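So the sequence shown is numbered by our numbering: it starts at 1 and just counts up by one. Each residue gets a CB set at the ideal place from its N, CA and C atoms; glycine is no exception. Just so you know, these numbers come straight off a predicted model, no measurement behind them.
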Amino acid sequence: MWRHRLLIVLIAAVFAIAAVIASSLRAVEYAAEAGVLLEDPRFAIGSEASSARDEVRYVADQVAIMKSAAAVQRASQLTRSKERPQGITEGELRRETFIRTSEGSNYVFIRFSSSDPRKAQVGTNAVLQAYRELVRTDLEVEIKTALRRLDAAIAAAVQRLVRTPDAEKTVLPLLNKLRARRNGLQIDAQVAGSGVALVSQAGLGSRQGASPTATLIVALVLGSLVGIGSAYVLDGRASRRLAPQAPFYAPPLVEIPDFDRERLRSRLPVFDAPTTRSAEAFRFLAAIIGLPQTASIRSMGAAHAATLTDEARGVTGREHGAFGRAGETFDPPGSGAGIRAPGSSGATNRSVAFVSASSGDGTTTVAMNSALAAAQAGDRVLVLDGDLRGHGLTRFLPDGEPEIGRFGVTDMLLSGAVPQSMMRVETSNGGSLSLVEPGSVTLDAIDAIRADRIRASLESTRGQFDRVFIDLPPILDYPYTEALLSGADAVVVVASRRGNSSRLEQVVGRLSVIGVHPIGHVENFVPLHERIALRLARQLLQAVRRIVLRSGGEQKTTLFPLPQSSDREPTDRERDSTRSLPQEPSAGEPSVVRGR
């Protein structure tokens, strides 16, 4: 994850910049809050206490009064002064005033927001004062109305007493009662409050929201978390890509860079962009699989199966010479040596088959570029297009469209003869590449695909070709692939970083079942996280040195000079080049001819 530190810093910086911009664009807001404890004024004039339900309703009624048009209008009037002749408008009071109640009590909070802290304080206290005045005014009006009614009743009782002296016994007690009630009402009006038991005036408005510093800190923290999460996801994908895709018992041979990351337009970088990293990787692959190997593919498959059997029985490597049978030696993974069979003289793997788990893993591209690299090194290379239906390898070369009835691989297996006419790429240093198309797809042709016939056909080409490369379709999709694999001297599995690891594990299991153990696997579509070419050069040169020393120098190894510069980007000429070949090639450049 640390290798993505620049990404983490970039994401955190983006969040910080966004926070600064948002803070600068957002208007600064201040809010002042006041509190008031409501009390029904009727309690102060001797009325009986109401129920809890009435209290809740009373608080709701008072909140409605605070929000009423009369309260807003009066509050706007109260905010006018010599400094602010216009005061706070009614619309602003309606929009910026927020009133909330406290659950379980009659306490009410009044808050007003504004861009000016002083204005926020004035607006809040104005709303509170307007409410108190309205409640007081309503109470006074109610008391005055009651007094007028009592005065009218008293006057009527006096007139009745004057007209009818005999009614003194009945009218006089009523008159005394009305006068006593009026006197009590006057006293209650003097001691009655404004409906407010406690008032907490608003202070100077405080700034709302987080400060710019706090906003910046939060943005940096969130950006860092997002960056770390992104780096973790990318690192997980990279780990899945960089880790071995399946439990291979053979070392990775080479890593092929992703063409898109290297900005390659051609699928043949060995031919069209020879100084790129991908071209170097294919040359490395052609060299390593052409070195003297220590055992045939069938011997390694048997030894691998025996190793698994010994492990199941609990036999340690110390008893059998480090996972080998008696008389065999095993070189550690990464050495490129594998298992040395008794009496093996280090024979070269003349025929190599390339196979993968799924279509699109790049098997055809790897096989064709490796074959071209071997041809450029001076070898006479025969390439067999074993994809009977896809014809992927045939389409690589100029005039590579398959033709019906043209002699191909299946016809070669049926007749046991090498086709006389095939597409051929020649180089001036004596190397060549000859391509045999898939041939006709019939029941007889499919039946002819057997390991013994394949080995016999390949043996018949020994005098004409130095090396044979076989491109095969996915082994999980086409059963005849197993026979072609068994007939080759060596097998290379192409493991795509974009592929499905579960299917690749199935490939390993299928190879174990048919007794085939690959000499190694190629990791394709590798992202350019580091200088792949230089790292591969160091690893492969060390492997070459170990293998040459073990072979005793008896085997002649055909190596080719590598370009001096491996890290520069391909030129525009290399990127825009096509596969149309020159008629008069210069030294080392291939030309395409139709041989007979």
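Could you tell me if the beta carbon of residue i falls within a distance shorter than 6 Å of some heavy atom in the ligand ADP?
{"i": "Pro257", "result": "For the structure depicted, the ligand ADP is absent and the ligand set is empty, with no information on it obtainable."}
Given a cut-off of 7 Å on the beta-carbon distance, is the pair residue i and residue j in contact?
{"i": "Val493", "j": "His521", "result": "yes"}
{"i": "Ile475", "j": "Arg510", "result": "yes"}
{"i": "Ile449", "j": "Ala483", "result": "yes"}
{"i": "Leu264", "j": "Ala357", "result": "no"}
{"i": "Ser76", "j": "Gly91", "result": "no"}
{"i": "Leu38", "j": "Asn125", "result": "no"}
{"i": "Arg380", "j": "Ser432", "result": "yes"}
{"i": "Leu268", "j": "Ala12", "result": "no"}
{"i": "Arg95", "j": "Val196", "result": "no"}
{"i": "Ala71", "j": "Ala31", "result": "no"}
{"i": "Leu413", "j": "Ser460", "result": "no"}
{"i": "Arg659", "j": "Val171", "result": "Residue 659 is absent from the structure shown; the chain starts at 1 and stops at 596."}
{"i": "Val507", "j": "Ala353", "result": "no"}
{"i": "Ser23", "j": "Pro212", "result": "yes"}
Taking only the alpha-carbon atoms, compute the straight-line gap between residue i and residue j and give it to the nearest angstrom.
{"i": "Gly430", "j": "Ser230", "result": "52 Å"}
{"i": "Pro117", "j": "Leu204", "result": "6 Å"}
{"i": "Leu372", "j": "Phe469", "result": "10 Å"}
{"i": "Lys169", "j": "Thr137", "result": "40 Å"}
{"i": "Ser115", "j": "Ser206", "result": "10 Å"}
{"i": "Val59", "j": "Ser68", "result": "14 Å"}
{"i": "Pro165", "j": "Arg57", "result": "50 Å"}
{"i": "Val162", "j": "Leu147", "result": "22 Å"}
{"i": "His391", "j": "Tyr478", "result": "14 Å"}
{"i": "Ser415", "j": "Ser370", "result": "28 Å"}
{"i": "Val63", "j": "Asp151", "result": "34 Å"}
{"i": "Asp29", "j": "Thr79", "result": "The sequence as given places Glu at residue 29; Asp does not occur at that position. Going from the Cα of Glu29 to the Cα of Thr79 covers about 19 Å."}
{"i": "Ile289", "j": "Phe465", "result": "16 Å"}
{"i": "Leu93", "j": "Lys119", "result": "11 Å"}
{"i": "Leu6", "j": "Val355", "result": "38 Å"}
Residue i: which of the options sits nearest, CA to CA?
{"i": "Asp361", "options": "Ser496, Gly378, Gln73 and Ala120", "result": "Ser496"}
{"i": "Leu285", "options": "Val366, Ser351, Ala219 and Leu222", "result": "Val366"}
{"i": "Gln121", "options": "Ala60, Tyr58 and Ala34", "result": "Ala34"}
{"i": "Arg283", "options": "Arg263, Asp489, Leu253 and Val9", "result": "Leu253"}
{"i": "Phe271", "options": "Met368, Val199, Val381 and Thr124", "result": "Met368"}
{"i": "Pro438", "options": "Ala19, Ala75, Val383 and Gly227", "result": "Val383"}
{"i": "Leu472", "options": "Leu393, Glu96 and Met412", "result": "Leu393"}
{"i": "Phe112", "options": "Thr97, Lys119 and Gly104", "result": "Thr97"}
{"i": "Ser434", "options": "Ala374, Leu93 and Gly184", "result": "Ala374"}
{"i": "Glu140", "options": "Gly104, Ser102, Gln186 and Pro173", "result": "Gln186"}
{"i": "Val436", "options": "Ala417, Pro251 and Thr427", "result": "Ala417"}
{"i": "Asp40", "options": "Arg26, Ala27 and Glu55", "result": "Glu55"}
{"i": "Asn183", "options": "Lys144, Asp385, Lys119 and Thr89", "result": "Lys144"}
{"i": "Tyr232", "options": "Ile8, Arg546, Arg462 and Gln542", "result": "Ile8"}
{"i": "Ala27", "options": "Asp260, Gln208, Ile454 and Gly386", "result": "Gln208"}
{"i": "Gln542", "options": "Arg462, Ala287 and Ser428", "result": "Ala287"}
{"i": "Asp61", "options": "Val135, Ala155 and Leu25", "result": "Val135"}
{"i": "Leu549", "options": "Arg462, Arg455, Gly463 and Leu291", "result": "Leu291"}
With which residues is residue i paired in a DSSP beta bridge?
{"i": "Arg111", "result": "Glu33 and Phe98"}
{"i": "Ala490", "result": "Val352"}
{"i": "Pro252", "result": "His521"}
{"i": "Asp471", "result": "Phe354 and Asp385"}
{"i": "Ser206", "result": "Ala31"}
{"i": "Val526", "result": "Pro257"}
{"i": "Ser496", "result": "Asn524"}
{"i": "Arg5", "result": "According to DSSP, which records beta bridges pairwise, Arg5 is partnered with nothing at all."}
{"i": "Leu198", "result": "Leu37"}
{"i": "Arg380", "result": "Ser432"}
For residue i, which residues in the same chain have their Cβ closer than 6 Å to its Cβ, ignoring the five residues on either side in sequence?
{"i": "Asn524", "result": "Ile256, Gly362, Val494 and Ser496"}
{"i": "Arg100", "result": "Phe109"}
{"i": "Leu175", "result": "Ala157"}
{"i": "Phe560", "result": "In this predicted model, Phe560 has a pLDDT of only 36, less than 50, meaning its place in the structure is not dependable; the value taken from the coordinates is given anyway. These residues qualify, in order along the chain: Ala377."}
{"i": "Phe407", "result": "Pro419"}
{"i": "Ala396", "result": "For the sequence presented, residue 396 should be read as Phe rather than Ala. Met368."}
{"i": "Gly598", "result": "Within the shown structure, residues of the chain are numbered from 1 to 596, placing residue 598 beyond reach of any answer."}
Got a sec: is the Cβ-Cβ distance from residue i to anything in chain C below 7 Å?
{"i": "Pro474", "result": "Going by chain labels, chain C is absent from the structure shown, which holds only one protein chain."}
Keeping to the same chain, check which residues put their C-beta closer than 7 Å to that of residue i; ignore five residues upstream and five downstream.
{"i": "Ala451", "result": "Ala483, Ser486 and Gly487"}
{"i": "Leu216", "result": "Ala16, Ala19 and Val20"}
{"i": "Arg350", "result": "Arg467, Val468 and Asp489"}
{"i": "Ala153", "result": "Leu178"}
{"i": "Ile454", "result": "Leu413, Ala483, Leu484 and Gly487"}
Identify, in the order they occur along the chain, each residue of the same chain with its Cβ nearer than 8 Å to the Cβ of residue i, setting aside the five sequence neighbours on each side.
{"i": "Leu128", "result": "Ala34, Val36, Ile110, Val199, Gln201 and Ala202"}
{"i": "Val14", "result": "Gly223"}
{"i": "Leu10", "result": "Gly227"}
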